Amino acid sequence: MKSKTIKTVLVAGGAGFVGSHLVEALLNNGDRVICVDNFVTGSRKNVAPWLHNANFELIEHDVNERINLEDEVNEVYNLACPASPVHYQKDPVFTLSTSVIGTKNLLEFAKERGARFLQASTSEVYGDPLEHPQKETYWGNVNPIGVRACYDEGKRAAETFCSDFRRKKEVDASIVRIFNTYGPRMAMNDGRVISNFIVQALQGEPITIYGDGSHTRSFQYIDDLIKGMILMMRKGIDGPINLGNPDEHTILELAEKIIELTSSGSYLKYEQLPGDDPVRRNPDISKARDLLGWNPQVGWNDGLKRTIEYFSSELNKSN
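Note that the working numbering has the sequence shown beginning at 1, numbered continuously upward.
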């Protein structure tokens, strides 16, 4: 995926888990990267390796405010929004504003620069799906007044903005819907199931399962997602397109697998299921395969081992 010409790429939310991996891949591709982050959930540690890279620029900024840059920008990736329930429910009004106002501001910036735009949407737009697996044509089953609505409906509104800007031919905008993703640089306290389970297992604490463990998720490794996002941007496809690994597992299977891989003595502890938590989640990735030639390459056994190694190293540093 080497570029023939150097592009200047703005990555909003570039200090986050997904964003920092995207920044790294773009820099490795030879692009110039402007990382914009307000550090509400992003980490300076994630971008520290590139602070002295001539092709990297870090700007602390909240996308709820318009961006004023003189730079020529060829591409804009919008990943600016808290993405785990613990963080996006902490300040739901801010979460909703970031998805809606922030996306509008970035689209207007892309319009001014003539830049192509990629919106990092989410499988959460499908809500608690009545269709399984989920195709891009499915409109979803979202509770607009539920505790997750600030994220779900915010991302749905962001997709509407992208679609309307594109229909009016103002911005060459596209949409990817990201399913559960994991890997190194996940925050230990971000509340997502894989990071929770790994940290609990490594520390010998009880593995907390919400519900009876029968809920399912489909987990993709971060490297696969990043390849799909860059392909989506560079091929100029509108979308929306699902990016996820269709290998589906129950939460109980995940807990047992992590206990096995960490050789942990942790036991399972069951808690009440949070409100509006989707029962099943699995992507139909036919469009990604056909239009992008994309297919996830990293299986969960290998991906979980890499992620466990990362968290083990981070925990050792803090001890």
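Backbone N, C-alpha and C define an ideal beta-carbon position, used for all residues, glycine too. As the structure is a prediction and not an experimental result, all values here were calculated from the model.
About 6 Å separates the Cβ atoms of Met232 and Ile241, confirming a contact at the 8 Å cut-off. DSSP places Asp37 inside the beta strand (DSSP E), whose first and last residues are 32-37. DSSP, reduced to helix, strand and coil, places Ser84 outside both helices and strands of the structure shown, so it counts as coil. No Cβ-Cβ contact shorter than 9 Å links Arg167 with Val193.
Between Ile285 and Pro246, the C-beta spacing is below 9 Å. In the three-state DSSP reduction, Thr98 falls in the helix class (H, G or I).
Measuring C-alpha to C-alpha distances from Pro144 to each of Gly154, Gly30, Asp62, Leu69 identifies Gly154 as the nearest.
As the crow flies, the alpha-carbon of Gly204 is around 6 Å from that of Ser264. Under DSSP, no beta-bridge partner is assigned to Val40.
Secondary structure of Phe17 (DSSP, three-state): helix. Pro129 and Arg280 do touch by the CB rule: their CB atoms are close to 7 Å apart, below 8 Å. Ala255: not part of any beta strand (DSSP E); member of the alpha helix (DSSP H) spanning 251-262, first to last residue. Taking 8 Å as the upper bound for CB-CB distance, Asp31 and Lys7 are in contact here, some 5 Å apart. When the Cα atoms are used, Leu291 and Lys317 turn out to be separated by approximately 43 Å. With a cutoff of 9 Å on beta-carbon distance, Leu107 and Phe117 are scored as near each other. With 16 or more other CB atoms across the displayed protein chains lying within 10 angstroms of its CB, Lys287 is buried. Collapsing the DSSP output to three states places Ser313 in a helix. By the CB criterion at 9 Å, Ser20 and Asn64 fall outside the cutoff.
Under the three-state reduction of DSSP output, Gly303 falls in the helix class. In its chain, beyond the 5 residues on either side, no residue has a beta carbon closer than 7 Å to the beta carbon of Lys45. The segment 76-91 and the segment 145-164 touch, with three or more beta-carbon pairs separated by less than 8 Å. Beta bridge pairing from DSSP links Ile209 with Tyr270. Under the DSSP definition of a beta bridge, Leu118 partners with Tyr77, Ser174.
For Asn196, the enclosing alpha helix (DSSP H) covers residues 193-202. The distance from the Cβ of Asn282 to that of Gln89 is about 24 Å, inconsistent with a contact at the 8 Å cut-off. Among the bridge pairs identified by DSSP, Ile59 is matched with Val36. Burial is judged here by how many other beta carbons sit within 10 angstroms of a residue's own beta carbon; Glu170 has fewer than 16 and is exposed. DSSP places Ala157 inside the alpha helix (DSSP H), whose first and last residues are 149-167.
In summary, Phe219 is buried, with 16 or more beta-carbon neighbours lying within 10 Å of its beta-carbon over all protein chains present. For Thr216, the uninterrupted beta strand (DSSP E) run begins and ends at 216-218, by DSSP.
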